[in-house]
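Read the structure below first, then the notes.
In our numbering, the protein residues as written are 56 to 169.
This is the structure in structure tokens:
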């Protein structure tokens with residue numbers, strides 16, 4: 056299933072510098088970082104609201120919107136879905152508490168993430 060993320064990322068990358076009047080992705084990318092991040096915030100809020108309502112179909116739809124806009128953000132920063140998947144794989148089998156403690160103990164890792 057992760058191939059859908061790669062195909063979407065390819066489509067998003069292909070729309071960089073495209074006609075902002077013809078493509079939502081081109082328009083969003085042209086508007087830059089603040090617009091992209093604002094959209095992620097909006098989609099995250101809508102996802103939380105759908106979850107609070109317990110509406111399963113809306114949860115799925117809003118999560119899809121959130122993931123899509125995260126893919127746009129990754130593209131903006133020259134990253135790919137595989138970068139996130141590799142990080143998740145790296146964390147696999149590590150307690151979330153231990154992983155968070157390791158990040159807090161290593162300021163260099165935190166600085167690299169920013």
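Ideal Cβ placement from N, Cα and C applies to all residues, glycine included. Nothing here was measured: the structure is a model prediction, and the numbers come from that model.
Assigned secondary structure, residue i (DSSP; H/G/I helix, E/B strand, else coil)
| i | result |
| --- | --- |
| residue 140 | helix |
| residue 76 | coil |
| residue 29 | Given a span of 56 to 169 for the chain in the structure shown, any question on residue 29 remains unanswerable. |
| residue 135 | coil |
| residue 71 | coil |
| residue 148 | coil |
| residue 87 | coil |
Nearest neighbour of residue i, chosen from the options [CA to CA]
| i | options | result |
| --- | --- | --- |
| residue 89 | 117, 65, 131, 159 | 131 |
| residue 114 | 101, 58, 74 | 101 |
| residue 67 | 117, 122, 104 | 122 |
| residue 133 | 58, 62, 71 | 71 |
| residue 105 | 152, 143, 86, 119 | 119 |
| residue 99 | 80, 117, 143 | 117 |
| residue 128 | 95, 62, 76, 58 | 95 |
| residue 124 | 159, 91, 151 | 91 |
Whole-angstrom C-beta distance between residue j and residue i, which should lie under 8 Å
| i | j | result |
| --- | --- | --- |
| residue 126 | residue 60 | 7 Å |
| residue 64 | residue 135 | 6 Å |
| residue 87 | residue 81 | 12 Å between Cβ atoms; not a contact. |
Checklist entry - How do the region 107 to 116 and the region 145 to 158 stand: do at least 3 beta-carbon pairs fall below 8 Å, yes or no? => result No: the two stretches stay apart, fewer than three of their Cβ pairs being nearer than 8 Å.
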